[in-house]
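Q: Please find one structure pasted underneath; my questions will follow.
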Amino acid sequence: MLARFALLFITSKTFMEFFLPIAHMDVNIVLISLYGALVGFLSGLVGVGGGFLITPLLIFTGIPPIVAVSSGAAQMAGTASGASFLHWRNGNIDFKMGLVLLIGSWLGGGGGVYLAKVLLRSGQFGNVVVFLYVVLLGFIGVSMLIESLRAVFRSAAPVKKERSASAESNSLLRTWVARMPWQTSFPASGVRMSIAGPLILGAVVGILTSLMGVGGGFIMVPIMIYALKMPTKIVVGTSLFQLLFTTAAVSIMQAGINHSVDPFLAIILILGSVIGTKFGARLGARLPAEKLRLILALVVVAVAIKMIVTLLIPPGDIYGMTVEVR
Amino acid sequence: MARWTRLLPLMLGFLLSTPSWGEEPLIVAPSISEVKITTDFAGTTVEAVGAMSRSGDLIIKLMGPKQEATLSRETKLGPFWVEGERVKMEDAPSLLFLYATAPIASLLSPEEQQKYGLSLEGVWVRVEPQLKAHAASDWRQAFLRLKEKQGYYHEDDTAIRVFGDRLFIANMRLPADLQVGNYTIETLLVKSGKVVGHTTGGFRVHLSGIERWVWVAAHDRPWLFGSLFTLLAMLLGLVLNAIPFRRGR
């Protein structure tokens, strides 16, 4: 039934064309909401924000990179607000930790938006975004793929070895964090550390949010669990809280400085992703965790490969043109 | 005095017999005076309907407002193809359609074409920063080629339909992604290598309704717009998430 409706909409092409005022181009509503639904589906399925997927998909469609990144931030603020509200009600947010992370990510996000402006002016924004994506997605995708393949085939020995190796690097990070000044305790998470740790972590994530349009949960969550030793439930709630207010701030700053938030694009994405999240969450409850992680890893690797391929293949036309929209 | 009055009809006759093609040999009416870009805008067709006082060849030139374009060239960085040099192309029209009843080069001499701006190759483009002649020419060629490929510049000698050597209609299909501003339609009547009639009309393209509202808000009050919209997005997400949650319980 739903598929038939979708097909009907797709075939009546002109009806579903929508002119985006900020991107200054017409897009197919169905296509954009399918992107939103796909990302929402994944985030419902495996619990990631999915910002890392939205931006490349929008760029492939021809949306200017800066508009894709900025509208993606607005979309994440929208989808994160509902989820954070639930976590707040369940008491899963460490507000002290969240606030320190936020201060860091606001500073980082502000710096990132300014950096985006400088890069836009010098014409390097597209290059930087693509390279950051290739490096980050490649690294995360491959390590996730290895980890989930091991889990699926249950080869116990290598997992143990990896755990000890990561524990070693984690303890290094922990002693480094422990030596820094401004030690303070975070009672809700039951940990004691320097304020500088979450501040720097927040700043890094903030820069990534404004340059790549990602929430940064994929970096934040593992570091908070493994390096800062926070309880998993609190980590998810707190990182969502941080994500909500970082993406909101970045969205406001991108609109204020680069005039690049397209409201219609963001709204279509939010609508799609809310629907997708419901389906994803329903399916996610039925599938085993290691299979879910494998799916996510495959998607991440596929996006990274697609980006590498576009970098490696000689372009059909070495010239490209962008026009000043007025 | 008498001599003068006797001369009058002669002078009038002389004036009237002068081929006055400069006056009204051509009448052209564009089918619209404005194009509104609304949310469902996906391009439009503009018709130019006209009449000519005598048979001849026709050239219709549709020109969009000036537009600043940035051209980039991919270069190889190690094994990767990345965006390299960039130049700005200024003062070139955003859109240029040349319609005629025969190939323009066969109707007018290159000088005449240049005078009326009737060749795609002759489009005036300012390359910024200033480059050496051959480098600038490469960029210029690339610019013209891309404009043609994207459908903003083209020449067509079959698009004008003429009825009985007097009436004509030209259909001009405009793409969705249009530069906002004034578009001019110039129509020329050509007889044996000379322009014997020339009229200019036009229409305006502008954002309309909510599109215009959003664009103005996003550019004139960017911080207010960004804050309000982000708040709206957060509320939307909250509401959308809450509804099925309650129902599910």
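These protein sequence lines map, in sequence, to chains A and B.
So for the first sequence, my numbering puts the first residue at 1; every next one is plus one.
So for the second sequence, my numbering puts the first residue at 1001; every next one is plus one.
Every residue, glycine too, gets a C-beta built ideally from N, C-alpha and C.
Given that A:Ile378 touches chain B, what residues does it touch there, using C-beta distances under 8 Å?
A: The first residue shown for chain A is 1 and the last is 326, placing residue 378 of chain A beyond what the model contains.
Q: Taking the alpha-carbon positions, what's the B:Val1239 to A:Gly82 distance?
A: Looking at the two C-alpha atoms, the distance is approximately 7 Å.
Q: Can you tell which of A:Phe186, A:Ile29, A:Val205 and A:Leu53 has the C-alpha that lies nearest to the C-alpha of A:Leu38?
A: For A:Leu38, the nearest C-alpha among the options comes from A:Leu53.
Q: What is the rounded straight-line gap between the Cα of B:Ala1160 and the Cα of B:Tyr1099?
A: First, the amino acid is wrong: residue 1160 of chain B is Ile here, not Ala. Distance between the alpha carbons of B:Ile1160 and B:Tyr1099: 7 Å.
Q: Given this structure, state the Cα-to-Cα distance separating A:Gln242 from A:Ser273, to the nearest angstrom.
A: Distance between the alpha carbons of A:Gln242 and A:Ser273 is about 20 Å.
Q: Short of 9 Å Cβ to Cβ, which residues in the region 1035-1068 of chain B face chain A?
A: Hits within the stretch, in order: Ile1037, Thr1038, Thr1039, Asp1040, Phe1041, Ala1042, Gly1043, Pro1065, Gln1067 and Glu1068.
Q: Just the Cα atoms here: how many angstroms apart are B:Leu1228 and A:Gly216?
A: Rounded to the nearest angstrom, the two C-alpha atoms are 24 Å apart.
Q: Can you find the residues in the same chain that come closer than 7 Å, C-beta to C-beta, to B:Ile1210, ignoring five residues on each side of it along the sequence?
A: Same-chain partners within the cutoff: Thr1039.
Q: Which chain B residues are close to A:Val205, counting only those with a beta carbon under 9 Å from its beta carbon?
A: Under the 9 Å cutoff, chain B gives no residues; its nearest Cβ is about 18 Å from A:Val205.
Q: Can you give the Cα-Cα distance for A:Pro187 and A:Gly62, rounded to whole angstroms?
A: If I take the Cα positions, the gap works out to 47 Å.
Q: With a CB to CB cut of under 7 Å and the five nearest residues on each side skipped, what residues in its chain are close to A:Val250?
A: Excluding residues within five positions, the ones whose Cβ falls inside 7 Å are Ala73, Gly109, Val113, Thr209 and Ser210.
Q: Go ahead and pull the three-state DSSP assignment for B:Phe1245.
A: Note that B:Phe1245 has pLDDT 48, beneath the 50 cutoff, so the model's placement of it is unreliable and the number below is only indicative. B:Phe1245 falls in the helix class under three-state DSSP.
Q: Are the CB atoms of A:Leu58 and A:Ser202 within a distance shorter than 8 Å?
A: The sequence as given places Gly at residue 202 of chain A; Ser does not occur at that position. Not a contact, by the Cβ cut-off of 8 Å.
Q: Given a cut-off of 8 Å on the beta-carbon distance, is the pair B:Ala1048 and B:Ala1176 in contact?
A: The answer is no: Cβ separation not under 8 Å.
Q: Taking the CB atoms as reference points, tell me whether A:Gly111 and A:Pro65 lie closer together than 8 Å.
A: Cβ distance not < 8 Å, so A:Gly111 and A:Pro65 don't count as in contact.
Q: Using a Cβ-Cβ cutoff of less than 8 Å, which residues in the same chain neighbour B:Val1123 once the five nearest sequence positions on both sides are dropped?
A: Excluding sequence neighbours, B:Val1123 sits near Ala1092, Pro1093, Leu1096, Gly1117, Leu1144 and Tyr1153.
Q: Keeping to the same chain, check which residues put their C-beta closer than 7 Å to that of A:Gly276; ignore five residues upstream and five downstream.
A: Cβ within range, chain order: Gly36, Ala37, Leu38, Val39, Gly40, Phe41 and Gly44.
Q: Which two residues bound the contiguous beta strand (DSSP E) that contains A:Phe19?
A: Residues Glu17 to Leu20.
Q: Could you check where the beta strand (DSSP E) with B:Thr1184 kicks off and where it finishes?
A: Looking at the DSSP string, the run of the beta strand (DSSP E) that includes B:Thr1184 is Gly1181 to Lys1191.
Q: Taking A:Gly104 as the reference, which of A:Ile200, A:Ile295 and A:Asn92 has the closest Cα?
A: Considering only alpha carbons, the answer is A:Ile200.
Q: Would you mind reading off the limits of the alpha helix (DSSP H) that contains A:Pro56?
A: Note, A:Pro56: alpha helix (DSSP H), Gly51 to Thr61.
Q: Determine, for A:Thr322, whether the minimum Cβ-Cβ distance to residues of chain B falls below 8 Å.
A: Taking Cβ atoms only, chain B reaches closer than 8 Å to A:Thr322, which makes this a yes.
Q: Thinking C-alpha only, which one of A:Glu17, A:Gly320, A:Val30 and A:Val299 is nearest B:Ile1037?
A: The candidate whose alpha carbon is nearest that of B:Ile1037 is A:Glu17.
Q: Give the straight-line distance between the Cα atoms of A:Ala304 and A:Met220, rounded to the nearest whole angstrom.
A: Computed Cα separation, rounded: 20 Å.
Q: To the nearest angstrom, how far is the alpha carbon of B:Arg1051 from that of B:Val1195?
A: First, the residue type needs correcting, since residue 1051 of chain B is Ala and not Arg in the sequence shown. One C-alpha to the other measures close to 16 Å.
Q: Determine, using beta carbons only, whether B:Leu1172 and B:Leu1062 come nearer to each other than 8 Å.
A: Here the sequence assigns Met to residue 1172 of chain B, which means Leu is not the residue at that position. Cβ atoms of B:Met1172 and B:Leu1062: closer than 8 Å.
Q: Can you tell me whether B:Ile1032 is buried or exposed? The criterion is at least 16 other CB atoms within 10 Å of its CB, across all chains shown.
A: It counts as exposed.
Q: Strictly by DSSP, which residues pair up with A:Asn28?
A: DSSP output for A:Asn28 lists A:Glu17 as bridge partner(s).
Q: How is the beta strand (DSSP E) around B:Lys1149 delimited, first residue to last?
A: Careful: B:Lys1149 lies outside any beta strand (DSSP E), inside the alpha helix (DSSP H) at Ala1133 to Lys1149.
Q: Kindly indicate if chain A contains any beta-carbon less than 8 Å away from that of B:Glu1074.
A: B:Glu1074 counts as touching chain A.
Q: Determine the contact status of B:Val1046 and B:Phe1203, defining contact as a CB-CB distance below 8 Å.
A: A contact, by the Cβ cut-off of 8 Å.
Q: Interface residues of chain A around B:Glu1211 at Cβ under 8 Å?
A: In chain order: Phe19 and Pro21.
Q: Taking DSSP as the reference, what is the three-state secondary structure of B:Leu1158?
A: In the sequence as presented, Leu is not what sits at residue 1158 of chain B; that position holds Thr. B:Thr1158 falls in the coil class under three-state DSSP.
Q: Roughly how many whole angstroms lie between the Cα atoms of A:Val299 and A:Thr55?
A: Their backbone Cα atoms lie some 14 Å apart in a straight line.
Q: Relative to the alpha-carbon of A:Thr247, which residue among A:Leu136, A:Ile29, A:Ile32 and A:Gly50 has its alpha-carbon at the smallest distance?
A: The candidate whose alpha carbon is nearest that of A:Thr247 is A:Gly50.
Q: Between the region 64-94 of chain A and chain B, which residues of the former have CB atoms less than 8 Å from a CB of the latter, in chain order?
A: So the close ones are Ala74, Gln75, Ala77, Gly78, Thr79, Ala80, Ser81, Gly82, Ala83, Phe85 and Leu86.
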